[in-house]
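Residue numbers (my numbering): 2 to 180.
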């Protein structure tokens, strides 16, 4: 039985709609990862101690987990920006499935990278807020308040980008399965 023209157009329109949604998710994810990388990468706070010659300083590159966080978010942001033309191509050619499969593979790898970076930073932020008395790690967020606020806020953008990458993978998978 041959499909009529009325049945063929909704599927193409649905794939085009999923492609537009994919593009939107990619743009918002790129903004989230860029914002997170910049917020942590520019975090620096100095506190005076006894005299002005002795100071305590908190920077992101003092802790390797934050350095990994910045690098992971920058890589994912770069990937998302570079994948935008392919996403636009999917809006124009909604039946292109080979490139969607490749994007799903790379999206999954970037999802793993951004989640690993955000999780590593979240563990350190938790220690900075709560400390650990059994290992004599003291909570530093009472002293370095703006440092902790910026790092904590950037985690929201990074984990939000993780959720959007999951939605991006899901929309691409749905577009492939609708073929």
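Glycine included, every Cβ here is placed at the ideal spot set by N, Cα and C. In this text, all values refer to a predicted model and were calculated from it rather than measured experimentally.
{"Item": "Spatially closest choice to residue 34 from 152, 139, 136, by CA coordinates", "Value": "152"}
{"Item": "CA-to-CA distance, residue 141 to residue 171, given in whole angstroms", "Value": "40 Å"}
{"Item": "Rounded C-alpha distance that separates residue 106 from residue 27", "Value": "15 Å"}
{"Item": "Same chain, Cβ closer than 8 Å to residue 174, five either side skipped, listed in chain order", "Value": "105"}
{"Item": "Contacting residues, own chain, Cβ-Cβ under 7 Å from residue 116 (five flanking each side not counted)", "Value": "163"}
{"Item": "Residue 78 - containing alpha helix (DSSP H), residue span", "Value": "65 to 93"}
{"Item": "Cβ shell of residue 97 (< 7 Å), same chain only, five flanking positions each side left out", "Value": "90, 91"}
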